[in-house]
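Counting from 1, position 42 in the sequence shown corresponds to residue 42 in full-length UniProt numbering; the numbering is continuous, with no gaps. A quick write-up on the structure given underneath.
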Amino acid sequence: LRNLINTTDDDLLILFTADTQYFFQCTIGNDACKLASKSIRFKNGLALYLYVLVSIFSQVIRKLILSMKSKPSALILNGDLTGYGHLHELETFKDQWLTIPIRILPGLGNHDYENNVNDCVGNHCANRMLYWLSLIPENNDLELDYHKKQEFFLKTTYLGSFAYKKFICSPSGANCAYVIQLHNRPSYVAQIEAPFTSWQITNSFQWLTNVLNSFNQSLPIFINLHNLDLISRIKIRDILDKLKDRKLRIFILHAHIHHYHRVDMKCTKAGSIPSIYVGSVPNNRKDSKVNNGSEL
Numbered sequence: 001l002r003n004l005i006n007t008t009d010d011d012l013l014i015l016f017t018a019d020t021q022y023f024f025q026c027t028i029g030n031d032a033c034k035l036a037s038k039s040i041r042f043k044n045g046l047a048l049y050l051y052v053l054v055s056i057f058s059q060v061i062r063k064l065i066l067s068m069k070s071k072p073s074a075l076i077l078n079g080d081l082t083g084y085g086h087l088h089e090l091e092t093f094k095d096q097w098l099t100i101p102i103r104i105l106p107g108l109g110n111h112d113y114e115n116n117v118n119d120c121v122g123n124h125c126a127n128r129m130l131y132w133l134s135l136i137p138e139n140n141d142l143e144l145d146y147h148k149k150q151e152f153f154l155k156t157t158y159l160g161s162f163a164y165k166k167f168i169c170s171p172s173g174a175n176c177a178y179v180i181q182l183h184n185r186p187s188y189v190a191q192i193e194a195p196f197t198s199w200q201i202t203n204s205f206q207w208l209t210n211v212l213n214s215f216n217q218s219l220p221i222f223i224n225l226h227n228l229d230l231i232s233r234i235k236i237r238d239i240l241d242k243l244k245d246r247k248l249r250i251f252i253l254h255a256h257i258h259h260y261h262r263v264d265m266k267c268t269k270a271g272s273i274p275s276i277y278v279g280s281v282p283n284n285r286k287d288s289k290v291n292n293g294s295e296l
C-alpha cells in the first residue's frame with residue numbers, strides 16, 4: 001500500500017472491481033427465511049442488504065485516491081452495477097461511485113440488462129441501464145459499438161454490443177494502455193422491447209477482433225467483461241489464436257463469481273494470458289490465488 005501511495009506521474013495506475021450490485025442481499029433467495037427473520041433483523045438492527053458494506057467500500061476507494069500523490073487514471077467496474085436495474089439502485093450507484101474523483105469506466109452485467117428482461121414492467125429496468133450507458137460517452141470521450149435509427153415517430157431502435165475501448169495514459173503520458181469493455185458475457189444476444197425503445201443486443205466478438213487488429217502491439221491491452229462463460233472463453237481464445245503473430249500483451253479481467261479473487265494463467269497459441277477475477281465489492285478480500293497453465 002505504501003508503494004501504491006508513493007507512485008509518480010510516470011506510473012500508470014488502473015483500479016478494477018465489480019459487482020457493486022445495489023442492493024446486494026445478505027441472504028440467499030429464500031423468501032420464507034427472509035420473512036421468518038424479519039422481526040429478528042428489525043429487533044437487532046440487521047439489514048437484509050449489504051448496503052452499508054458496499055457504501056464503506058466506495059468510501060475506502062475515495063480515501064485511497066485522495067491519499068495518493070499520483071492519481072489512478074481510471075476505475076473500471078466490471079458489471080452488475082445494480083441488483084435489478086431499478087431506479088433507486090442506479091441512483092444510489094451514481095451517488096456513491098460516480099462522485100469519486102476519478103475517471104469511471106463502467107460495464108454492465110447480467111443483473112443490469114439480462115436477468116430483468118421481460119420481468120420488469122415495460123422492460124424499464126434493462127431500458128434504464130442501457131439508456132444510461134448510451135449517455136456515458138458524453139463525459140468520457142468514448143465510442144460505443146452501436147448505432148440507432150428511428151423506426152417510428154415515437155420509437156428508437158439501438159443495435160450493437162455497446163462494447164467500447166479507451167486509450168489511457170499515466171498523468172505524465174510516459175506509460176499508456178488500451179482498455180476494452182465488453183460487458184456481461186460477450187456472447188450475450190437479446191432483443192429488449194420497451195415502450196419507446198428497442199434494444200437489439202449483438203455479441204461483441206467481431207468488434208473485438210477488429211479492435212485488437214487496430215491496436216499498437218507494444219502496449220498492454222486490458223479486456224474487461226463481467227462473466228467469462230464457456231462460449232465467450234472459447235471464442236476469445238480463438239480470436240487470440242488467430243492473432244498469435246501480433247504478440248499482443250493481453251490481460252482478461254472479469255467477475256460474476258463473487259467469492260473468486262484470483263489470477264489464472266490461460267494457455268493460448270499467443271502465449272500465456274492472465275485471466276483475473278477482480279473480486280466483487282461485497283466479497284473483496286486481501287488474499288489471492290494464482291493458477292498456472294490451464295487452457296483459456
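Virtual Cβ for every residue (Gly too), placed ideally from N, Cα, C. Predicted model only: the values in this text are computed from it and were never measured.
When 140, 162, 59 are compared, the shortest CA-CA separation from residue 73 is found for 140. Going by DSSP, residue 249 is part of no alpha helix (DSSP H) but of the beta strand (DSSP E) stretching over 249 to 254. By the beta-carbon neighbour count (other beta carbons within 10 angstroms, threshold 16), residue 186 is buried. Look at residue 81 here: in three-state DSSP terms it is coil, with no helix or strand label. In the three-state reduction of the DSSP assignment, residue 198 falls in the strand class. Here the alpha carbon of residue 232 sits roughly 37 Å from the alpha carbon of residue 8. In this structure, residue 104 sits near residue 77, with a CB-CB distance shorter than 8 Å.
Apart from the 5 residues on each side of it in sequence, residue 157 sits with its Cβ closer than 7 Å to the Cβ of 148, 149, 151, 198, 200 in its chain, given in chain order. The beta carbon of residue 65 sits closer than 7 Å to those of 71, 72, 100, 101, 102, all from its chain and outside the five residues before and after it, given in chain order. When DSSP reads this structure, residue 193 sits in a beta bridge with 198.
CA-to-CA, the gap between residue 279 and residue 56 works out to about 16 Å.
Judged by beta-carbon spacing, residue 22 lies within the 8 Å limit of residue 93, meaning their Cβ atoms are closer than that value. A direct Cα-to-Cα measurement between residue 160 and residue 108 gives close to 14 Å. Looking from the CA of residue 253, the closest CA among 192, 180, 195 belongs to 180. As for any beta strand (DSSP E) of minimum length 3 sitting wholly inside the stretch 122 to 152, the runs are 146 to 152, ordered along the chain.
Between residue 85 and residue 116 a beta carbon distance of about 5 Å is seen, short of the 8 Å cut, so the two are scored as contacting. DSSP places residue 113 in the helix class (H, G or I) of the three-state scheme.
The alpha-carbon of residue 122 is positioned some 10 Å away from that of residue 192. In terms of Cβ geometry, residue 130 and residue 113 form a close pair [threshold 8 Å].
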